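Enquirer: Read in order, the letters of the sequence shown are residues 2 to 574 in the numbering used here.
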Amino acid sequence: MDPMSPTALVVPNELMDRIGSGLNILRDHGKKVQKYLLKNRKFEVAKKSLTSIVNIVLIEAKDLPDAPANGNSGLYCKFKLGGESHKSKQVHKAKPIWRERFNIHLYDDSSLEVNVWHKTKQKNFMGRCVIDLSQLEKEKTHDLWQELECGFGSVHLLVTLSGSERCLPVDNVLTLTNGLHHEPPQEEKFQWYRLDNWNEVGQLTVTVHGARGLTALNISGNVNAYCVLELDNSRIQTHTVRGTSEHNWNKNFNFSVNDITSALDITLYDESIIQSMKGETIGKVSIPLLRIMNNEKRWYALKDRSKKHSARGNCPRILLEMSLVWNPVKASMRVLSPKETRYIQKPPKFDIPLIYSNLIFIKNIFKFFQNGNEHYKRVFEWENQEKSICALLGWLIFWYFFRMWMTPLLLTLPFAHYWLTQRNNNVPVPLYQIADEEYQEEEQETKDDKTIKSRINELQDLTITIKTAIDYVVSLLERIKNLVNFSVPYLSYLVIITLIGLTIALYLIPVNYLFMALGTYKFTRKFLNPTRVPNNDLLDFISRVPDDEKMKQWRELKVPEPNCNSSDPAKSR
2 MDPMSPTALV VPNELMDRIG SGLNILRDHG KKVQKYLLKN RKFEVAKKSL
52 TSIVNIVLIE AKDLPDAPAN GNSGLYCKFK LGGESHKSKQ VHKAKPIWRE
102 RFNIHLYDDS SLEVNVWHKT KQKNFMGRCV IDLSQLEKEK THDLWQELEC
152 GFGSVHLLVT LSGSERCLPV DNVLTLTNGL HHEPPQEEKF QWYRLDNWNE
202 VGQLTVTVHG ARGLTALNIS GNVNAYCVLE LDNSRIQTHT VRGTSEHNWN
252 KNFNFSVNDI TSALDITLYD ESIIQSMKGE TIGKVSIPLL RIMNNEKRWY
302 ALKDRSKKHS ARGNCPRILL EMSLVWNPVK ASMRVLSPKE TRYIQKPPKF
352 DIPLIYSNLI FIKNIFKFFQ NGNEHYKRVF EWENQEKSIC ALLGWLIFWY
402 FFRMWMTPLL LTLPFAHYWL TQRNNNVPVP LYQIADEEYQ EEEQETKDDK
452 TIKSRINELQ DLTITIKTAI DYVVSLLERI KNLVNFSVPY LSYLVIITLI
502 GLTIALYLIP VNYLFMALGT YKFTRKFLNP TRVPNNDLLD FISRVPDDEK
552 MKQWRELKVP EPNCNSSDPA KSR
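(1) Report the residue from N125, V115, F126 whose alpha carbon sits nearest the alpha carbon of Q147.
(2) For K520, I'd like the list of residues in its chain whose CB is within less than 8 Å of its CB, leaving aside the five on either flank, ordered along the chain.
(3) Could you tell me whether the Cβ atoms of Q204 and V326 are closer together than 8 Å?
(4) Per DSSP, M323 is paired with what?
(5) Pull up the distance between the alpha-carbon of L539 and that of F191, whole angstroms please.
(6) Which class does L337 belong to by DSSP, given the choice of helix, strand or coil?
(7) Suppose contacts are defined by Cβ-Cβ distances below 8 Å. Is Y301 in contact with R318 by that definition?
(8) Is K331 closer than 8 Å to L303 when the C-beta atoms are compared?
(9) For the pair the stretch 54-66 and the stretch 83-103, tell me if three or more CB-CB distances fall below 8 Å.
(10) Quick one: complete beta strand (DSSP E) runs, 3+ long, within the stretch 101-171?
(11) Per DSSP, which residues does F254 bridge with? Please list them.
(12) Answer with buried or exposed for H310, where buried requires no fewer than 16 other C-beta atoms within 10 angstroms of its C-beta.
(13) Roughly how many angstroms lie between the CA atoms of K308 and Y473, to the nearest whole one?
(14) Classify V55 as buried or exposed, calling it buried when 16 or more other Cβ atoms lie within 10 Å of its own Cβ.
(15) Rounded to whole angstroms, what is the Cα-Cα separation between K120 and C130?
(16) Evaluate G164 with the Cβ neighbour count: other Cβ atoms within 10 Å of its Cβ, from every protein chain shown; 16 or more gives buried, anything less gives exposed.
(17) Check this for me: beta carbons of L290 and I261, under 8 Å apart or not?
(18) Within 10 Å of its beta-carbon, does D450 have 16 or more other beta-carbons around it, so buried, or fewer, so exposed?
(19) Answer with buried or exposed for C228, where buried requires no fewer than 16 other C-beta atoms within 10 angstroms of its C-beta.
(20) Do three or more CB pairs link the stretch 534-548 to the stretch 468-488 at distances below 8 Å?
(21) Would you give the residue range spanned by the alpha helix (DSSP H) that E188 belongs to?
(22) Which runs of the beta strand (DSSP E) spanning at least 3 residues fall entirely within the stretch 456-498, listed in chain order?
(23) Rounded to the nearest angstrom, how far is the Cβ of I293 from that of A226, given a contact under 8 Å?
(24) For L137 and H143, which I take to be in contact (beta-carbon distance under 8 Å), what is that distance rounded to the nearest angstrom?
(25) Could you check if F381 is buried or exposed, using at least 16 other CB atoms within 10 Å of its CB as the buried criterion?
(26) If you count every other CB in all the chains shown that lies within 10 Å of the CB of S112, and 16 or more means buried, which is it?
(27) Excluding the 5 residues preceding and the 5 following E101 in the sequence, name in chain order all residues of the same chain whose CB lies nearer than 6 Å to its CB.
(28) Taking DSSP as the reference, what is the three-state secondary structure of Q91?
(29) What three-state label does DSSP hand W99 in the structure shown?
(30) Return the chain-ordered list of same chain residues with a C-beta closer than 8 Å to the C-beta of E188, the five sequence neighbours on each side being excluded.
(31) Would you mind working out which of N251, H240, M127, C391 sits nearest K79, comparing C-alpha positions?
(32) Quick one: is P97 buried, meaning 16 or more other Cβ sit within 10 Å of its Cβ, or exposed?
(33) How would you call I57, buried or exposed, if buried means at least 16 neighbouring beta carbons within 10 angstroms?
(34) Using CA atoms only, rank isn't needed, just tell me which of L162, L145, T161 is closest to S155.
(35) CB-CB under 7 Å to V560, same chain, minus the five flanking residues each way: which ones, in chain order?
(36) Any idea what DSSP makes of P317, helix, strand or coil?
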């Protein structure tokens, strides 16, 4: 027998039987685990393919039945789509207004169920409605008023299906078309003579090609970025591009324009869970509709959360191509109606730098009027004879040729001044350059060597200046009110007699000659009375009328009657 030849391994039959039975047990357990995974919804969702992302904005409800008043109660809505459900906050009002946003993933089930509940010590069902999402157009915001089926009333919702389609297989060169054609909107629908739908003044088409220079907010170095486009209350979201530093979306979106003065807000987000919880954004940009150049493909620099400075990254930018058509007649009429309210807004925050800048702005306004009043007085005092002569001649010539129909033309003078100034500038300054210069100036101002004590003193002086100016304006308005309500009858009757005399003068004498005479009187007062103090006749007259604080001081108290029965306290001692 060859010692190198393999020998057969002898295995007992009992061991083979045990191994066979063990394999059968594992196979049976495997089938049970497989059945459990298929029945479990959480694992079932992982096996399904994502169809779309449903963005729901719950606005309000109306005509709901009266809820039982049992102490502290609240109305809330509950959304259910497939195995995913969301619940809104409770509103303690008979006409609830929520204004909340929800994102739900759409898989196979397209029936969105909305239930309205009233919660006290126990839950009371108010009504429900079912929305078939398969009947809604994708990548478009739908404004819906849904009637409740099992109750009374209706619910106001904004529903958008977005992020459903993947981008085309393209290369990384974004300057080419990459197989995507930008389709501009139809101009025939928005000609100036088409006045059928006044709520829709135009249409905007946006092509989001891609982005470059985005900063990774995670450890891997890649950004799972998606883009959100918002125009007023319309909101559309792209799909997420994962595992790359060069993002290509190549998506076309259409927006209905209700206000030509609105702006398109574009925000880039990272899909990671940590950044979603923090609410961090990769970059933002706002583009006014009136600045859009049709069919122009260009890069837009991304800004930070404040939209004032550049976002973090290597020159973060996004490539867009937009086209806008609009009806000028409907757009002109639309600006005369109230602006559309954004349903989802950030709550206001206490911003100390903003308050400080607003106080400085108010202070500058008061200084402007104060300096204007001083220059106005100097002209009448003939401190500069050339200016005074020119002002007097201009005043007389203006009122000699003035007619009432010229009044609207006078209001166009500020526009003509700035229009001619900008027209004479041969090299226009880009807006981004102006913003950069302002940002540099702000940085230089913040770098000034100022101690905390000096800043507090400046804020104190600023507050006192504004308080003094506001007190003066309030006192002036109170004096006018007291003049009208006969707080000082002599002054009130004097005003009435003066107004009656002015009415007779306007009836008999043309208004042009009256203003010419008034100007001549103003300019000749210096020669008639050289020792006079510069003043304003109207303000001097109003200063004679007491304000409310002075009226409280002038109020007479009731004279107390002497008590004869009471003894002298000195004697009682």
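All residues carry an ideal CB built from backbone N, CA and C; glycine is no exception. All figures in this text were calculated on a predicted structure; none of them were measured in a lab.
Expert: Here's the rundown:
(1) V115
(2) Correcting the residue type first, residue 520 is Gly in the shown sequence and not Lys. Around G520: L393, W396, L397, W400.
(3) yes
(4) V207, E297
(5) 54 Å
(6) coil
(7) yes
(8) no
(9) yes
(10) 112-120, 124-133, 142-148, 155-163
(11) V207
(12) exposed
(13) 38 Å
(14) buried
(15) 19 Å
(16) buried
(17) yes
(18) For D450, the predicted model reports a pLDDT of 47, less than 50, meaning its position is unreliable; a value from the coordinates is still stated below. Exposed: under 16 other Cβ atoms inside 10 Å.
(19) buried
(20) yes
(21) No alpha helix (DSSP H) holds E188; DSSP gives it neither H nor E.
(22) none
(23) About 23 Å; that fails the 8 Å criterion.
(24) 5 Å
(25) buried
(26) exposed
(27) L59, S89
(28) coil
(29) strand
(30) V326
(31) M127
(32) buried
(33) buried
(34) L145
(35) none
(36) strand
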